[in-house]
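Asker: So the protein sequences, as listed, match chains A and B. If you're matching positions, the first sequence starts at 65 in this note's numbering and goes up one per residue. If you're matching positions, the second sequence starts at 19 in this note's numbering and goes up one per residue. By construction, the Cβ of each residue, glycine as well, lies at the ideal position given by its N, Cα and C atoms. These numbers were taken from a predicted model, which means no experiment stands behind them.
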Amino acid sequence: MKGECKQIRKLISAYVDGELSPDQKARVETELTGCDDCRAEYERLLRMRALVWEVFQQDLRGAGERSVWEGVEARIADIDAARAEGGSWAAGIRGWLERLRLGLTSPLAPAGVAAAVVTVAIAAVLMVLANPDRTDTAPAPAHLDQVALPGEVPAATRDQAPEDRGLAATGRRRDAEPERAFRRNELYVDSTDVDQGIVIVDVDPEADTPAIVWHLQEEPEAGEDGVI
Amino acid sequence: MDTDDKVLVARCKEGDRDAFRRLVQKYERRIYGIVVGMIRDREEAWDLTQEVFVKVYRHLGSFEGNSSLYTWMYRITVNLCIDFIRKRRGVKVEYDDARRHDGPVNVQLPVGNPAEPPPQRLLREELVGKVNQSLERLSPKHKQIIILREVEGLAYQEIADVLGISIGTVMSRLFHARKNMQRVLTKYLEKGI
Chain A
65 MKGECKQIRK LISAYVDGEL SPDQKARVET ELTGCDDCRA EYERLLRMRA
115 LVWEVFQQDL RGAGERSVWE GVEARIADID AARAEGGSWA AGIRGWLERL
165 RLGLTSPLAP AGVAAAVVTV AIAAVLMVLA NPDRTDTAPA PAHLDQVALP
215 GEVPAATRDQ APEDRGLAAT GRRRDAEPER AFRRNELYVD STDVDQGIVI
265 VDVDPEADTP AIVWHLQEEP EAGEDGVI
Chain B
19 MDTDDKVLVA RCKEGDRDAF RRLVQKYERR IYGIVVGMIR DREEAWDLTQ
69 EVFVKVYRHL GSFEGNSSLY TWMYRITVNL CIDFIRKRRG VKVEYDDARR
119 HDGPVNVQLP VGNPAEPPPQ RLLREELVGK VNQSLERLSP KHKQIIILRE
169 VEGLAYQEIA DVLGISIGTV MSRLFHARKN MQRVLTKYLE KGI
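1. Rounded C-beta distance between B:Leu-156 and B:Ala-195? I'm assuming under 8 Å.
2. Closest by CA to B:Val-25, which one among B:Glu-82, B:Arg-48, B:Asp-65, B:Val-54?
3. What's the gap between the Cα of B:Asn-84 and the Cα of B:Trp-90?
4. What in chain A is Cβ-close to B:Ile-164, meaning under 8 Å?
5. Taking only three categories from DSSP, how would you classify B:Phe-38?
6. Compare the beta carbon distance of A:Ile-140 and B:Val-72 with 8 Å and say whether it is the shorter of the two.
7. By Cβ distance below 6 Å, which residues in the same chain neighbour B:Ile-165 in space, the five residues on each side in sequence not counted?
8. If we call anything under 8 Å between Cβ atoms a contact, is A:Ile-143 one with B:Tyr-75?
9. Would you kindly work out how many angstroms separate the C-alpha atoms of A:Cys-69 and A:Cys-102, rounded to a whole number?
10. Using alpha carbons as the reference points, say which of A:Gly-67, A:Asp-81, A:Gln-71 lies closest to B:Gln-175.
11. If you pair each beta-carbon of the stretch 185-200 of chain B with each one of the stretch 87-94 of chain A, do three or more pairs fall below 8 Å?
12. Identify the continuous alpha helix (DSSP H) that holds B:Ile-164 and give its terminal residues.
13. On the criterion of 16 or more Cβ atoms from any shown chain inside 10 Å, does B:Gln-43 qualify as buried, or is it exposed?
14. Within 10 angstroms of the Cβ of A:Arg-108, are there 16 or more other Cβ atoms? Answer buried if so, exposed if not.
15. So, B:Arg-29 versus B:Ala-37, is the Cβ gap smaller than 8 Å?
16. Just verifying my parser: in three-state terms, what is the DSSP assignment at B:Ser-152?
17. Return the chain-ordered list of same chain residues with a C-beta closer than 8 Å to the C-beta of A:Lys-89, the five sequence neighbours on each side being excluded.
18. Taking C-beta pairs closer than 7 Å, name the residues in chain B that A:Leu-109 reaches, listed in chain order.
19. So, B:Val-180 versus B:Tyr-92, is the Cβ gap smaller than 8 Å?
20. Whole-angstrom Cβ separation of B:Ser-86 and B:Asp-20, contact assumed at under 8 Å?
21. Counting only Cβ pairs nearer than 8 Å, list the residues of chain A close to B:Leu-145.
22. Tell me which residues share the same chain as A:Glu-105 and place their Cβ nearer than 7 Å to its Cβ, disregarding the 5 neighbours each side in the sequence.
23. Let's see if you can read the secondary structure: which residues bound the alpha helix (DSSP H) around A:Cys-69?
24. Applying the criterion that 16 or more other CB atoms from any shown protein chain within 10 Å of the CB defines a buried residue, is A:Gln-122 buried or exposed?
25. Under the three-state reduction of DSSP, which class applies to B:Ile-183: helix, strand or coil?
Here it is, written out as structure tokens:
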């Protein structure tokens, strides 16, 4: 293949999309007129596009006759109901405190939560240490002032897809290496606006994409003498 | 962000269920198109499209409008599709001749035009099966860009915005994606077929 043909063929794809500059377009058209091989390549590309288009149209056939809303509505009704019932860890802890006050539960129960917090912290450190080659790191939440307050999303990760956000917060953008990122993140961590000093750990049963999301507690305010 | 979307999102955040219904209805076809293009299975695509909107609903509170709503939803969609494909790869499927020749069992081949003489119809079905196979073999990145161009009909600049890449990368990625498809389809792309 001639050098010019090689260059032109890289442009043919954009040519069929109508995305070339006038100069590039003129170059391609000159080549297509004078080179049978390039012309054949152009025609193959047109045929392939037509076929792909046809397949996608088949995919979409009947799409207008169905609505996803009914299914979505039923599922979000469940979410709303859970929210309304206060089915959060905050409510759970408040409930546990209340049961403890009434003598209906053991004071050792929080040990489970504490153990989970420690486990997740260790897992996060190991994940960061296990990836020294990463180049797309975001700051790991080493200090409380680097992370979001309860209920907030870290500024640098706002408007990312939820899964991306979780992974960004642990130092890896998911879209950079999705397969590796998946394997390394198997827990879902969340916090809530309970009283100061409590970090809630949750394995989200609804999340199909397990992710680590660091929403740590606000650092307690220091008193006038600087003592927390 | 689109003004209409801004209003809808604001209303959704206030708990307006009807606003969310409108948002779903506005985007369901586009999202479905992406999902079915990515996973190549129409029935599963309905479920997954619902799942996308459920996820949107759950996380809309954290969406601040710094990117377009479509871009944000698109990323959720693609992430869910990649999850799905990854899980599906892990599921062992019994060996089946149809699978060997026509790609995944669940891919629904179009029935073709009954008026066409049988040989042409068979060839057409085989051809469409091959196109499915060539799409199935693409990497997620290549699949995404083909879908954005061929299904969504986005211009290169729009694709660049959605994927957060340069126009040069869009051009090069599309070129390579199409080349990869062509490899599978070589013999079917000659004149007269």
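Answerer: According to the data block:
1. 6 Å
2. B:Glu-82
3. 9 Å
4. Val-116
5. helix
6. yes
7. Ile-52, Gly-55
8. yes
9. 7 Å
10. A:Asp-81
11. no
12. 158-164
13. exposed
14. buried
15. yes
16. helix
17. Tyr-79
18. Arg-196
19. yes
20. 7 Å
21. Leu-115
22. Arg-73, Ile-76
23. 67-80
24. buried
25. coil
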